[in-house]
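Chemist: Please read through the structure below; I'll follow up with questions.
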Amino acid sequence: MKVLLDTHILLWWLAGDPNLPTSAADVIADPDSTVVVSAASAWEIAIKRAAGRLDAPDDLLEALRANRFDTLPNSAAHAVEAGRLPPHHADPFDRMLIAQAKGERLTLVSRDRRFADYDVELLELG
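Count along the sequence shown from 1, then add 2; that gives the number in my numbering.
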């Protein structure tokens, strides 16, 4: 399975947070899964961390490498697709993740219920 992690799912995984759903943890830990983190998530984390609104690893890139997560850059095509999405969700980082998941055919892992309003494959977080 190829999955794209929403920012909160990534942070929960890195922190060993009990809020991380078991189904998400199982997919992330599965050696047959390809786990992808968007540059949009790294950007969001950096912005919120610098503003003092988020507790996140100082060494995010090293944490991604240590977990063998792939990274996905933000492309102009992703940006255009994010701008074309229906306005169900105002958060630009989340809109980018939705566009990337659709464009790259990735299963999005998120607890954000508004993602279901889009035509994007979501991991069932039972």
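Built from N, CA and C at the ideal position, the CB exists for glycine as well.
Hey, Leu6 and Val38 are a contact pair by Cβ (cut 8 Å); roughly how many whole angstroms apart?
Modeler: With 8 Å as the limit, Leu6 and Val38 qualify as a contact, their Cβ atoms being about 5 Å apart.
Chemist: Give the straight-line distance between the Cα atoms of Leu124 and Gly54, rounded to the nearest whole angstrom.
Modeler: Taking the straight line joining both Cα atoms gives about 30 Å.
Chemist: Kindly indicate the opening and closing residues of the alpha helix (DSSP H) around Leu63.
Modeler: It spans Leu62 to Ala68 - the alpha helix (DSSP H) in which Leu63 sits, taken as one unbroken run.
Chemist: What is the rounded straight-line gap between the Cα of Ala17 and the Cα of Ala58?
Modeler: Using only the alpha carbons, I get a separation of about 8 Å.
Chemist: Assess, as a yes-or-no matter, whether the segment 8 to 15 is touched by the segment 101 to 112 under the definition of 3 or more beta carbon pairs within less than 8 Å.
Modeler: These segments touch.
Chemist: For Gln102 and Leu13, I'd like the C-alpha separation in whole angstroms.
Modeler: When rounded, the distance between both Cα atoms is 19 Å.
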